[in-house]
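Report on one structure; see the data block that follows.
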Amino acid sequence: MGYTEGNEKPKRIVFVTVGTTCFDKLVRAVDAKEFKHELLRRGYTHLRIQIGRGTYTPTKSVREDGSLDVDYFTFSSSIADHLRSASLVISHAGSGSIFEALRLGKPLIVVVNEDLMDNHQSELAEELAERKHLYCAHPQTLNRTIADMNLESLLPYPPGDATPVAELINRFLGYPDD
Amino acid sequence: MISTCILDTMASNLTINIMIITITIIVARAFYVIYRTGKPLITTKASKTALSTLVVLGSGGHTAEMINLLSVLRKDRLTPRFYIAAATDDMSLQKARVLENSLVESGEVKELSAEFMQIYRSREVGQSYITSVLTTLMATADALWIMIRIRPQVVLCNGPGTCVPLCIIAFLFKVVGIRWSSIFYIESIARVRRLSLSGLLLYKLRIADQFFVQWPQLLRKYPRAHYVGCLM
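Protein chains in written order, with the working numbering: chain A, 180 to 357; chain B, 3 to 234.
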């Protein structure tokens, strides 16, 4: 599945997900007027926000005369469908959400939550950003990331492989190789 | 008078001697277990019989990585499988059930040979330290009881805090001679530059027989680890 930057369909959805966390700073950042303006400028038409356990509720709006269609929900059993329909995914830094979006080949911006106590999550996002599989941002730098991003330069993420571990475990336990 | 005194000193000498010998044996045994840790099983029997396996599941990403690993391991060799997750985490066991049921449906295993268990966590996020003492004791007793019941031969874990007491108990079982087990620790893909606390403990204490990392940066810092690339 390739990136859908040049998609001719009129609907271009940005999907924001915070997983099961509370990440109001991100929800606030994507609810800001300047951010929505930047999305329109980049040709996006719809903004879907999954707010999780957050308490801040963004303003909904319908699309009319070229404005952005905004909607939000707390949780959904069909996160995968939302991801699939998206042209751009903006996600919290949880590894589950990151790899789900990468596996679907979606252009991805990971936003790091600096308020988390043990903030090891930024390690993964930064490493994958360095390898050009995604963009890594903070709530306050998200606008600039959207403005500057070049989705063509992102590289597809090769799917992971557990067989090296399985082989080492097999050998250790004295089983012959398959 | 003199003779009872001699007897007394002899008796106390004897107890001291017995204590010294016992402690020496235990320490020597512990060192032997540490020495043997990380060395492959050499019994040829192992290649024929199945090994009972404990799989420690964590939340979210941890479980997804473990499921990925389990899907490529030979399940007929690692039988029966005992899945453990924190009592506050229903999702992980649910995912393990889905995996096990799919194994039966696809015919990879003939019948369901898995058990699903929950374990108390020693400390929930935000819990006070005073109640933590009590809950830690409860969690330890719970872990010990579970381990005595299942006495696994293989332990697979990848990061959640619940795996540390279980691995330490498995290690003590080796020292005491209750059950020899092979302990495998796979550090989560989310750990790029620093090990998790669980990982660091099991690495430093040399409890894990094989220690896998998914990023080369960690191999440079922890040379006894095996770099295996990304599981996700």
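For every residue, glycine included, the Cβ atom is placed at its ideal position computed from N, Cα and C.
Assuming V270 of chain B contacts T55 of chain B under a Cβ cut-off of 8 Å, what Cβ separation, rounded to an integer in Å, is found between them?
-> Absent from the structure is residue 270 of chain B, since the part of chain B shown begins at 3 and ends at 234.
Does the Cβ of S104 of chain B have 16 or more other Cβ atoms within 10 Å, making it buried, or fewer, making it exposed?
-> S104 of chain B comes out exposed.
State the Cα-Cα distance for the pair I76 of chain B and E302 of chain A, rounded to the nearest angstrom.
-> Checking the sequence, you will find Arg at residue 76 of chain B rather than Ile. Their Cα atoms are separated by approximately 32 Å.
How is the alpha helix (DSSP H) around D340 of chain A delimited, first residue to last?
-> Where D340 of chain A is concerned, there is no enclosing alpha helix (DSSP H), because DSSP gives it neither an H nor an E.
Any chain B beta carbon closer than 9 Å to A316 of chain A | A316 of chain A is outside the set of residues whose beta carbon lies under 9 Å from a beta carbon in chain B.
Count the C-beta pairs between the segment 195 to 209 of chain B and the segment 330 to 349 of chain A that are closer than 8 Å, then say yes if the count reaches three, no if not.
-> Judged by Cβ distances under 8 Å, the segment 195 to 209 of chain B makes no contact with the segment 330 to 349 of chain A, as fewer than three pairs qualify.
Could you confirm whether any beta carbon from chain A is found closer than 9 Å to the beta carbon of M162 of chain B?
-> Looking at the sequence itself, residue 162 of chain B is Pro, so the reference to Met does not match. Cβ-Cβ to chain A under 9 Å: no for P162 of chain B.
When we look at the beta-carbon of E213 of chain A and count the other beta-carbons within 10 Å, is it buried (16 or more) or exposed?
-> E213 of chain A counts as exposed, since fewer than 16 other C-beta atoms from the protein chains shown sit within 10 angstroms of its C-beta.
Within the segment 7 to 68 of chain B, note down every full beta strand (DSSP E) run reaching 3 residues or more, in order along the chain.
-> Those beta strand (DSSP E) runs which fall completely within the segment 7 to 68 of chain B and span 3+ residues are 55 to 58.
Chain-ordered chain B contacts of G284 of chain A [CB-CB under 8 Å] = Under the 8 Å cutoff, chain B gives no residues; its nearest Cβ is about 15 Å from G284 of chain A.
Interface flag, F214 of chain B vs chain A, CB-CB below 9 Å = Yes - at least one Cβ of chain A is within 9 Å of the one on F214 of chain B.
Can you tell me where the alpha helix (DSSP H) with Q300 of chain A in it begins and where it stops?
-> Start and end: 300 to 309.
Touching by the beta-carbon criterion (3+ pairs, under 8 Å), the segment 339 to 352 of chain A and the segment 208 to 228 of chain B | Counting Cβ pairs under 8 Å, three or more are found: they touch.
So is W217 of chain B buried or exposed if we call it buried at 16+ other beta carbons inside 10 Å?
-> Under this definition W217 of chain B is a buried residue.
List the residues of chain A that W147 of chain B touches, going by C-beta distances under 9 Å, in chain order.
-> Ordered by position in chain A, no residue passes the 9 Å Cβ test against W147 of chain B, which lies about 26 Å from the chain.
Taking Cβ-Cβ distances shorter than 8 Å, what residues in chain B pair up with T253 of chain A?
-> Listed along chain B, no residue sits closer than 8 Å to T253 of chain A by beta-carbon distance, the nearest being about 17 Å off.
Nearest-angstrom Cα distance between L247 of chain A and F186 of chain B?
-> Cα to Cα, L247 of chain A sits roughly 50 Å from F186 of chain B.
Evaluate D244 of chain A with the Cβ neighbour count: other Cβ atoms within 10 Å of its Cβ, from every protein chain shown; 16 or more gives buried, anything less gives exposed.
-> Exposed is the call here.
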